[in-house]
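In UniProt numbering, the protein residues as written are 1 to 192. We put the beta carbon where it would ideally sit given N, CA and C, even for glycine.
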């Protein structure tokens, strides 16, 4: 699947960009005349409409139900991790105990999923694994030691890092492979 990656001319709030995404966000996927916003929606669209690649959506009914639920749950993980990362790395206020507890709760849930099967939503890799990976990688980046507290999730993360698709496309792999402990986050996390 060939693609072009570009920033919108005139920035995220330009008239042209806002005509494609009223929230002024990225990424935006344009496939001919079709425009798809939201990362997970883009993944679902590409999986459904581009043949020749391994399908990452289970077809069997019970597996599909688990897949759908967990794919939607990725947002909970992102919402727990995102504010902590931005506060710690970009100095946007202090991380609170409640935020760390929320993230720990999410990581416990995802660790339990990793304990249940080889991948986060079953025995085969799926869009759930791809959607969850950036937030889990980000947790390691900010200094959370998954291997100690969430060993099954860490094993899943290590397996993801070995995939050619991750090695060949992850723009931040060198940066994320070296944890950047954020003292305020690390000390708060360790105190709980």
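Considering only DSSP beta bridges, list what residue 5 is partnered with.
Residue mapping note: residue 5 aligns to position 5 of the chain shown, counting from 1. According to DSSP, residue 5 bridges with nothing at all.
Could you give the C-beta distance for residue 67 and residue 114, rounded to a whole number, given that I count them as a contact under 8 angstroms?
Reading the chain shown from its first residue, position 67 is the one you call residue 67. Reading the chain shown from its first residue, position 114 is the one you call residue 114. Wrong, their Cβ atoms sit about 15 angstroms apart, outside the cutoff.
In chain order, which continuous runs of the alpha helix (DSSP H) of length 4 or greater are located wholly inside the UniProt domain "GST C-terminal" (57-185)?
61-90, 97-116, 127-141, 146-149, 151-161, 164-169, 173-176
Coarse secondary structure for residue 12, derived from DSSP in three states
Here residue 12 is taken as the residue at index 12 of the chain shown, counted from 1. Reduced to three states, the DSSP call for residue 12 is coil.
Between the C-alpha atoms of residue 33 and residue 101, what's the straight-line distance to the nearest angstrom?
Residue numbering aside, residue 33 sits at position 33 when the chain shown is read from its first letter. Residue numbering aside, residue 101 sits at position 101 when the chain shown is read from its first letter. Pairing residue 33 with residue 101, the inter-Cα distance amounts to about 44 angstroms.
Output the distance between the C-alpha atoms of residue 123 and residue 163, rounded to the nearest integer angstrom.
Residue 123 sits at position 123 when you count from the first residue of the chain shown. Residue 163 sits at position 163 when you count from the first residue of the chain shown. Cα-Cα distance, rounded: 16 angstroms.
Identify the residues that DSSP records as bridge partners of residue 29: which are they?
The residue given as residue 29 occupies position 29 in the chain shown. In DSSP, residue 29 forms a bridge with 36.
May I have the straight-line CA-CA distance separating residue 49 from residue 94, to the nearest angstrom?
For the purposes of this step, residue 49 is identified with residue 49 of the chain shown, where counting begins at 1. For the purposes of this step, residue 94 is identified with residue 94 of the chain shown, where counting begins at 1. Rounded to whole angstroms, residue 49 to residue 94 spans 43 angstroms at the Cα level.
DSSP-derived helix/strand/coil call for residue 42
By 1-based counting over the chain shown, the position of residue 42 is 42. In the structure shown, residue 42 sits in a helix (DSSP, three-state: H, G or I).
Contact check, residue 157 vs residue 137 under 8 angstroms by CB: the rounded distance?
Your numbering for residue 157 matches position 157 in the chain shown. Your numbering for residue 137 matches position 137 in the chain shown. About 7 angstroms separates the Cβ atoms of residue 157 and residue 137, confirming a contact at the 8 angstroms cut-off.
Comparing alpha-carbon positions, which option in 168, 126, 81, 73 lies nearest residue 144?
Counted from its first residue, the chain shown places residue 144 at position 144. Out of 168, 126, 81, 73, 81 has the C-alpha closest to the C-alpha of residue 144.
Leaving out five residues before and five after residue 43 in sequence, what residues of the same chain have Cβ atoms less than 8 angstroms from its Cβ?
As a working note, residue 43 is residue 43 in the chain shown. So the qualifying residues of the chain are 56, 127, 130, 131.
Within 8 angstroms, strictly: CB atoms of residue 9 and residue 16
In the chain shown, counting from the first residue as 1, residue 9 sits at position 9. In the chain shown, counting from the first residue as 1, residue 16 sits at position 16. Cβ distance < 8 angstroms, so residue 9 and residue 16 count as in contact.
Does DSSP classify residue 17 as helix, strand or coil?
Residue mapping note: residue 17 aligns to position 17 of the chain shown, counting from 1. Residue state, collapsed to three classes: helix.
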